[in-house]
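Since the structure comes first, as structure tokens, the remarks are kept for the end.
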Amino acid sequence: MAERRCIVARSCVPGLLSSLRGLMSGAITVTFHGVRGSTPCDEPHSAGIGGNTSCVVIEAEDQTPIILDLGTGLRRYGMSLLKSGNASDFRGSVLLSHLHWDHVQGLPFFEPLHDSTSMLDIYGPEQPEGSLCEVFAGFMRPPFFPIRPEGLAGTVAFHDVGNGEFQVGRARVRSRWVRHIGPTLGFRIEIDGVAVAYVPDHGQGCVEGTPDDHVPNDVVELCRDVDLLIHDAQHTANEFEAKWHWGHCTPEYAVNVASKSSVRRLALFHHDPCHDDVAVATIEREARDLAATTGLSEVFAACEGMVVTIGRPAATGGR
Ligand SMILES: [Zn+2]
Ligand SMILES: [Zn+2]
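For the sequence shown, position 207 matches number 1531 in our numbering, and the numbering has no gaps at all.
Next comes the structure, spelled out in structure tokens:
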């Protein structure tokens, strides 16, 4: 198998993304537009990590963007498209993990959907109460919000998903139910020989009778050998004692999932809104120390504006 390289950029300097794209052929880029869990936050001491909630975008050549969740970071992504002149006639797909506020609030503020020529396909979890479209429209409507999804200028199409495999353009997607509060999916996305797994909300202790270090087979299969795993790491071990029933996990558990699944890199994600930059740096350092004992090569705390490029080295000459 060809060697893969990963570049992690800590800040989203204008032009950085295009320069990273030019560095490798056949690479995919993963851009973090929102990395917080539960609710947005804007305290000055948290600005380095960023305050927007879950939204990550995967881009590759000849592939429309794949958006992971619709948190408040989606607005940030939409503004970047507007600035680059790409907000009109937008085509993209969303892999929606679940319907909690921190994963859906950004939809009406996504600039491309203010244009009638744009289209967005949303693949999200089947709901016991009705179709995904009906349930989504149940909270995006007056009096909770001024408009319904059909009130957006652009076209939004909902697709109900359970355990399954499906194609999004050139990308192969696998979806699996994961342990959280309410129907929640994790995703594996494979494109150009690169694999990314996204498990933003994952409760290690929210199913009675399973030990805290248990990793379900479905999750191991979802994450096995991926180049990048983006995983819940919301609570410190001390916080988890009181909040085990919130449906989230510790950084130690995230390292455990990554280790059991032989992933190449782990991005700690869904940071608690009460964790400032110093707290997240401490979590990152401790997770790296633990990972070093398991053979996991790279662990980092995702932050807003971070761009990760994964791909094969560009050809240097010859055929
Ligand atoms: Zn969440
Ligand atoms: Zn959640």
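Note that CB positions come from ideal geometry on N, CA and C, so glycine has one too.
- Look at Thr-1508: its beta carbon is less than 8 Å from one of the heavy atoms in ligand 2.
- Between His-1599 and Ser-1440, the C-beta gap is not smaller than 9 Å, which leaves the two residues out of contact.
- A residue is called buried when at least 16 other Cβ atoms come within 10 angstroms of its Cβ; Ile-1471 does not meet this threshold and is exposed.
- Taken atom to atom, the span from the alpha-carbon of Ala-1477 to that of Gly-1409 is near 18 Å.
- In the three-state reduction of the DSSP assignment, Cys-1379 falls in the strand class.
- Within the stretch 1409 to 1491, complete beta strand (DSSP E) segments of at least 3 residues are found at 1415 to 1419, 1443 to 1449 and 1479 to 1485, given in chain order.
- Annotation: Leu-1406 to Gly-1517 spans about 30 Å, alpha carbon to alpha carbon.
- Relative to ligand 1, even the nearest heavy atom lies 8 Å or more away from the CB of Thr-1479.
- The stretch 1599 to 1612 makes no contact with the stretch 1481 to 1501, as fewer than three CB pairs between them are under 8 Å.
- Between the C-alpha atoms of Thr-1363 and Ser-1378 there is a straight-line separation of about 10 Å.
- The beta carbons of Asp-1426 and Leu-1456 sit about 18 Å from each other, so the pair does not count as a contact at 8 Å.
- In chain order, Val-1459 place their CB closer than 6 Å to the CB of Glu-1453, counting only its own chain and leaving out the 5 sequence neighbours on each side.
- Along the stretch 1540 to 1573, the alpha helix (DSSP H) occurs as fully enclosed runs of 4 or more residues at 1541 to 1547 and 1561 to 1567, listed in sequence order.
- In terms of side-chain proximity, the C-beta atom of His-1594 is found nearer than 8 Å to a non-hydrogen atom of ligand 1.
- By the CB criterion at 9 Å, Ile-1382 and Ile-1515 fall inside the cutoff.
- Looking at the DSSP output, Ser-1499 bridges to Gly-1488 and Phe-1511.
- The C-alpha of Gly-1619 is placed about 42 Å away from the C-alpha of Ala-1481.
- Val-1359 sits in coil when the DSSP states are folded into three classes, being neither helix nor strand.
- CA-CA distance, Val-1587 to Gln-1528, rounds to 18 Å.
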